[in-house]
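Protein chains in written order, with this note's numbering: chain Y, 44 to 305; chain B, 44 to 305; chain X, 5 to 352; chain F, 5 to 352; chain V, 164 to 396.
Note that the Cβ used here is the ideal one computed from N, Cα and C, for glycine as well.
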Ligand SMILES: Nc1ncnc2c1ncn2[C@@H]1O[C@H](COP(=O)(O)OP(=O)(O)OP(=O)(O)O)[C@@H](O)[C@H]1O
Ligand SMILES: Nc1ncnc2c1ncn2[C@@H]1O[C@H](COP(=O)(O)OP(=O)(O)OP(=O)(O)O)[C@@H](O)[C@H]1O
Ligand SMILES: [Mg+2]
Ligand SMILES: [Mg+2]
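Written out as structure tokens, the structure reads:
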């Protein structure tokens with residue numbers, strides 16, 4: 044087959060790339076080596092493990108969806124408009140990344156908690172967030188939102204706006220431009236951001252335990268389960284961590300088909 | 044001044060964007076409201092706080108540099124070559140994101156610890172990694188590497204390789220193409236990735252406490268200090284978290300000048 | 005007055021004002037970097053001028069003093085930019101259907117319109133390809149189809165005939181002639197034939213200033229600016245078609261080659277030929293040139309190393325040596341001849 | 005034999021073979037989508053052919069049967085693609101200096117070379133701008149400068165004169181003539197004048213196949229393919245310059261307008277003019293046309309609605325009506341005239 | 164006067180202690196440094212199970228103080244204890260409520276009342292197993308809305324008013340100051356949590372380590388600990 048070819052990468056580049064891959068993969072191998080394979084199946088199919096896994100998948104999917112819904116508009120506003128204070132806002136949006144998750148959880152508690160900033164409002168509306176699955180989703184969204192915003196904003200800037208102006212001059216309303224031109228063009232960046240968000244939500248621990256608590260089937264996600272198991276049964280914890288890894292890899296590989304370069 | 048203009052964003056987009064901004068900023072306000080301003084200065088200028096902040100800045104800078112050094116080659120290999128197993132590798136590289144940081148720390152311990160995979164090798168070479176500042180840097184690198192790789196890979200795909208082929212046809216070696224064309228073109232994406240990595244490293248807690256321990260001045264970074272302060276003095280913890288946030292915002296704003304769209 | 009344009013763009017050194025009547029086609033000519041594309045960007049709303057005012061029909065598109073600045077998509081102006089910029093993720097057909105879809109046509113209608121336009125630019129068989137899989141000239145044709153399919157109030161075309169091969173150029177020029185006939189258009193071109201055939205009026209810009217303006221034939225026949233002089237070189241005669249030749253108002257006949265659709269007997273036509281092709285004789289010669297105009301020399305004007313001989317409506321470019329040999333002076337009676345093969349006849 | 009090319013690219017329907025001698029310039033002609041740019045991509049190494057073999061001097065660039073496939077940067081081949089694709093983050097000067105820098109020249113040398121090339125394409129004052137700040141035509145000139153500055157063993161130019169204004173085209177054509185004179189080049193163009201003036205040989209491709217090949221003048225004077233016939237239409241006479249006219253081997257004189265650098269007395273020159281511009285007389289006329297060739301008609305050939313009259317080396321295109329009126333048949337003695345202003349004379 | 168290390172060379176004593184000992188041990192460390200010039204005490208505060216796995220992976224610890232006996236047993240099982248572990252403090256559970264005690268909780272049985280949002284520790288962690296023990300011995304069935312991973316998490320929920328009651332250690336209530344109210348209850352005595360301490364086997368400062376353990380077990384140490392609310396073992 045005829046094939047267009049790229050400029051090619053310098054050969055020396057493969058050395059640090061391999062080093063990097065090893066750095067990420069070796070610890071994984073180390074974990075696999077620690078797994079007590081004899082009892083593996085029992086460990087991971089216990090009721091509490093299955094409940095935690097199911098909860099994690101549901102909440103991570105929900106929080107990823109939420110991230111896309113509010114993160115895409117944020118990235119667009121940051122990348123395609125200019126307004127005073129934009130630079131500060133852009134940095135502030137990154138905060139949940141910097142905040143140790145436990146502090147992030149506290150901050151959420153101070154905001155949505157009964158005596159928090161919005162506590163009174165929520166009480167009037169008879170909405171109870173604490174100790175509910177919604178709290179888990181909120182905590183996960185809070186910590187994973189910056190991932191989507193930052194990586195999508197980078198893609199939007201790299202892609203530029205030439206096609207958008209062409210589309211507008213053909214009479215497309217901004218909404219049409221967004222739907223038919225902008226989003227399809229930055230799809231790789233959007234997918235990357237969504238994958239990052241999903242992965243971060245799957246691994247989220249600190250903010251969840253602080254803000255949502257830990258009750259089996261309601262708020263105890265897989266990381267919380269792993270953490271608990273670690274106290275009583277480190278082997279089970281390792282086995283569960285492996286499950287988390289495998290599930291995440293599968294979801295990510297499915298979510299992220301190798302997209303042919305345009 | 045004359046100004047090129049973009050297609051413009053649909054008006055309704057500002058609603059979810061504002062909602063998102065509020066969602067991120069409100070918890071911050073809530074935390075600020077909780078700070079005991081009377082004792083704020085004392086709290087944050089204590090010797091242990093200053094040591095922790097200095098350590099955090101040093102290690103985060105080092106791990107960001109390490110991420111760039113090994114993450115850029117990885118992103119390039121993933122974006123610009125095809126090889127069997129690439130899809131799986133791409134998902135595996137995301138693992139540290141999914142792994143709850145504490146499990147990540149355990150994995151690192153199982154790899155670089157005395158009884159770990161490389162323990163013997165390192166012992167022979169008389170290299171002690173665990174519980175040193177190096178361990179902090181490794182833990183931070185492990186958790187923040189995927190950020191750089193994923194957001195840079197997205198940018199590389201969005202940018203495409205047309206300019207690279209032009210450069211090659213003008214006689215530029217792959218290294219030259221990389222240095223003078225590819226990297227400058229994806230600079231926004233690279234910066235975004237580096238900022239994400241830095242922020243993630245600044246906030247890193249679980250892997251650090253597990254793999255590196257919490258020794259003042261050596262491995263006790265700001266998030267660890269916050270965790271400890273929380274044991275004895277929750278006010279101090281909140282004040283410190285605020286310091287972390289402010290420092291991170293400053294570093295990020297400085298690292299990430301508003302780049303004029305090309 | 006349909007389009008009213010006044011704008012300055014300081015950092016590109018542009019300061020231009022002009023008007024285009026409804027249904028009229030204006031050709032923008034000028035050297036590279038003169039500011040032609042900049043003018044189109046301002047009209048399309050992709051560039052906000054420092055000062056200026058653009059009014060289309062009754063709608064103010066931009067008015068810096070009134071702080072009016074309509075969004076591009078509300079202007080009903082379609083721009084064919086200098087680069088094709090086809091949307092890489094849409095098929096060729098979807099690219100062309102994009103304009104109709106955006107203006108509210110149904111999916112089926114838009115696809116039908118797209119196919120029709122693709123056919124007219126000779127790219128019918130490319131509909132299912134992605135823009136990355138077509139050649140440079142094919143991309144240009146598709147971009148033309150996309151701009152035309154948008155059916156805007158005002159059409160802005162930046163070098164629509166660039167990159168096209170000699171086989172397709174005449175056909176596309178005919179298509180554009182038909183399409184532009186009753187449409188308000190601003191056309192940027194480097195080709196004098198396009199300016200002449202497609203445009204009613206021309207505007208010559210140089211270094212951001214209008215240096216010449218007028219009806220196409222007039223500006224090109226009697227250029228005053230250096231750039232227009234370069235472009236110029238065509239004689240233009242209006243007449244009536246008689247089946248195999250045109251008759252001028254003074255009764256003389258013009259034979260030539262019909263370009264484009266065959267005119268019907270009685271149609272108004274224009275005959276064009278280059279002054280270079282006009283020969284000057286003192287007596288009527290016998291030979292293949294079938295167009296002979298008996299005239300008197302009005303003017304002799306140096307034009308570089310040539311002499312432009314003006315006689316009535318006609319110009320002939322001859323070498324200084326010929327002028328000397330034939331002893332041409334003002335008032336000399338002369339026979340101007342031009343071969344029929346040199347004369348292109350177009351239906352108006 | 006300097007460049008040896010054989011390749012098939014199935015999904016673009018290409019199957020082409022040709023050779024280019026060292027120092028020779030080959031013009032690739034053909035309709036849009038014929039495969040011209042594809043050929044250049046294969047040579048430059050941007051597209052790997054399904055089967056094929058490209059050898060430059062002694063180096064095999066690709067050979068699918070031997071599994072040789074040299075990386076683009078090792079081929080010493082510079083490609084001016086159909087789109088300018090200037091590096092957006094580098095200044096115009098740095099863009100042009102990129103080739104020399106990549107081939108190991110020092111920073112100062114490379115900048116000097118860049119400035120020299122920018123000057124030659126008439127873009128000297130743009131050096132400090134970013135590519136986003138220049139006009140379409142300016143970008144095209146800069147891209148030409150960038151390709152030329154790379155000083156490769158083989159130069160591939162895809163429509164180098166696209167988007168240029170009429171004022172700069174002749175000058176750039178002259179520049180290219182000088183540059184390409186002793187350089188191995190493959191040039192894609194839609195302009196017959198470029199093919200004629202810049203290329204030694206032409207290759208006409210249509211639908212991925214070579215349909216015609218030969219020395220430029222010959223192919224264009226006696227086209228056999230439909231596409232070449234469209235392109236054609238030029239008489240070519242070789243002669244020696246005598247200060248104000250050329251003398252042909254048979255002693256007859258040719259007057260015309262010198263295009264490009266003035267030839268010195270005794271230089272070899274070529275005079276070109278279009279068959280359209282040639283008039284046929286039965287007796288020698290007195291008038292401004294100063295070139296009169298006494299010949300005998302060899303051939304009469306229908307060419308669309310015209311008749312091509314061949315007489316010796318010359319062709320004249322006249323209408324069927326003229327042929328009838330003058331009663332031209334094979335063997336008729338005729339005077340073929342062409343105005344000096346219609347003849348372009350180039351130094352060889 | 165245990166000044167056998169009066170050398171000129173600065174020595175560092177590394178103490179691995181449960182995070183709940185942060186305040187008290189930091190204070191004791193300062194006292195130790197004052198008593199032993201040229202010695203610097205550094206602490207590694209973390210969860211007890213973290214500390215054990217770090218020590219087994221070769222962390223440079225001289226002293227280990229655990230918040231429960233289970234983790235101390237793990238260290239002993241790895242044969243890394245330098246001397247026989249000794250209990251130096253104990254802790255019992257106490258009810259916490261938001262300031263003002265909105266649900267008017269008075270007894271342990273009130274925790275099972277309908278409408279009281281209760282948070283306790285998960286059974287896997289020491290405070291949770293203690294809560295379970297107390298509940299079963301008191302014959303009360305607790306229905307918590309959340310089983311937290313640590314006492315701090317319980318405290319945070321109660322302090323924020325999110326939960327109306329929680330079960331934490333006496334020392335935690337004391338440290339939390341007036342952000343919560345504490346209610347002592349008699350049933351707590353059925354689950355006493357013990358804090359053991361030992362030196363670590365491979366310690367390079369075995370003498371200093373033993374001295375530190377003595378400081379903790381001695382009157383000075385006990386004074387500091389009881390000021391923070393710890394009971395004697
Ligand atoms: N990336 C591609 N994938 C598949 N087909 C392609 C691709 N690029 C071009 N083609 C097709 O291959 C054929 C040859 O294209 P090529 O670009 O070589 O034409 P060209 O002779 O350069 O035409 P032009 O004069 O328009 O530039 C065309 O039919 C075109 O549609
Ligand atoms: N983005 C820009 N910023 C600043 N100057 C620009 C920009 N784009 C173009 N220019 C300059 O403005 C002037 C007008 O450019 P414009 O593109 O309008 O020229 P043009 O008449 O379309 O030329 P061409 O025939 O080459 O397309 C030129 O001198 C050009 O260098
Ligand atoms: Mg332009
Ligand atoms: Mg091409």
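Which residues are close to ligand 4, meaning CB closer than 6 Å to any heavy atom, in chain order? That query returns the following residues: X:139, X:140, F:40, F:41, F:86, F:162.
Contact list for residue 173 of chain B against chain V, beta-carbon separation under 8 Å: 217, 220, 221, 222
Beta bridge counterpart(s) of residue 206 of chain B as assigned by DSSP: Answer is none; residue 206 of chain B lacks a bridge partner.
Taking a contact to mean a Cβ-Cβ separation below 7 Å, would you say residue 269 of chain X touches residue 247 of chain X in this structure? yes
So is the beta-carbon of residue 79 of chain F under 6 Å away from any non-hydrogen atom of ligand 1? no
I want to see whether chain A comes within less than 7 Å of residue 142 of chain F, judged by CB atoms only; does it? Considering every chain present, this structure includes no chain A. Its protein chains are Y, B, X, F and V.
Cutting at 6 Å between CB atoms, please list the residues of its own chain near residue 283 of chain X, excluding the five before and the five after it. 341
Quick check on the DSSP output: the alpha helix (DSSP H) that includes residue 209 of chain X runs from which residue to which? Segment 205 to 210 is the beta strand (DSSP E) holding residue 209 of chain X; no alpha helix (DSSP H) there.
Sorted by chain position, which residues of the same chain lie with C-beta nearer than 6 Å to residue 281 of chain X's C-beta, five sequence neighbours on each side aside? 342, 346
Per the DSSP calculation, residue 174 of chain V is bridged to which residue(s)? Partner(s): V:202.
Contact under 7 Å by Cβ, residue 247 of chain Y with residue 95 of chain Y: no
What does residue 77 of chain F reach in chain B if we use C-beta pairs closer than 9 Å? 210, 211, 212, 213, 214, 215, 216, 217, 219, 220
Can you give me the C-alpha to C-alpha distance between residue 176 of chain X and residue 165 of chain X, rounded to a whole angstrom? 8 Å
Looking at residue 60 of chain B: is its Cβ nearer than 7 Å to the Cβ of residue 116 of chain Y? yes
Please tell me whether residue 139 of chain Y and residue 186 of chain Y are closer than 7 Å, where the distance is taken between their beta carbons. yes
Going by the C-beta, is residue 99 of chain X closer than 6 Å to any heavy atom of ligand 2? no
With a CB to CB cut of under 7 Å and the five nearest residues on each side skipped, what residues in its chain are close to residue 295 of chain F? 258, 259, 341, 342, 344, 347
Going by DSSP, what residue range makes up the alpha helix (DSSP H) through residue 59 of chain F? It is not in any alpha helix (DSSP H) - residue 59 of chain F instead sits in the beta strand (DSSP E) that spans 55 to 60.
Which residues in chain Y sit within 8 Å of residue 287 of chain V, going by Cβ to Cβ distance? 271, 272, 274, 275
Within chain X, partners of residue 228 of chain Y - CB distance below 7 Å: 93, listed in chain order.
Neighbouring residues, chain V, relative to residue 183 of chain B (Cβ below 7 Å): Within 7 Å Cβ-Cβ: nothing; residue 183 of chain B doesn't reach chain V, min ~17 Å.
Amino acids of chain V, ordered along the chain, whose beta-carbon sits closer than 8 Å to that of residue 176 of chain Y: Result: empty, since nearest Cβ-Cβ is about 12 Å, beyond 8 Å.
For residue 256 of chain B, the nearest candidate out of B:179, B:224, B:218 (CA to CA): B:179
Ignore the nearest five residues each way along the sequence and tell me which others in residue 86 of chain B's own chain have a CB closer than 6 Å to its CB. 279, 282
Please list the residues of the region 123 to 138 of chain Y that have a C-beta atom closer than 9 Å to any C-beta atom in chain B, keeping them in chain order. Hits within the stretch, in order: 123, 124, 125, 129, 130, 131, 132, 133, 134, 135, 136, 137, 138.
To which residues of the same chain is residue 286 of chain B closer than 6 Å at the C-beta, ignoring the five residues directly before and after it? Here the set comprises 87.
Residue 184 of chain X vs residue 336 of chain X beta-carbon contact at 7 Å: no
At what residues does the beta strand (DSSP E) containing residue 59 of chain Y begin and finish? No beta strand (DSSP E) holds residue 59 of chain Y; the alpha helix (DSSP H) holding it covers 57 to 77.
What residues from chain B crowd round residue 103 of chain F, counting only those whose CB sits closer than 7 Å? 213, 214
Run the proximity test for residue 144 of chain X: is its beta-carbon closer than 6 Å to any non-hydrogen atom belonging to ligand 2? no
Assuming residue 175 of chain V contacts residue 205 of chain V under a Cβ cut-off of 8 Å, what Cβ separation, rounded to an integer in Å, is found between them? 6 Å
I'd like to confirm something about residue 268 of chain X: is its beta-carbon nearer than 6 Å to some heavy atom of ligand 2, or not? no
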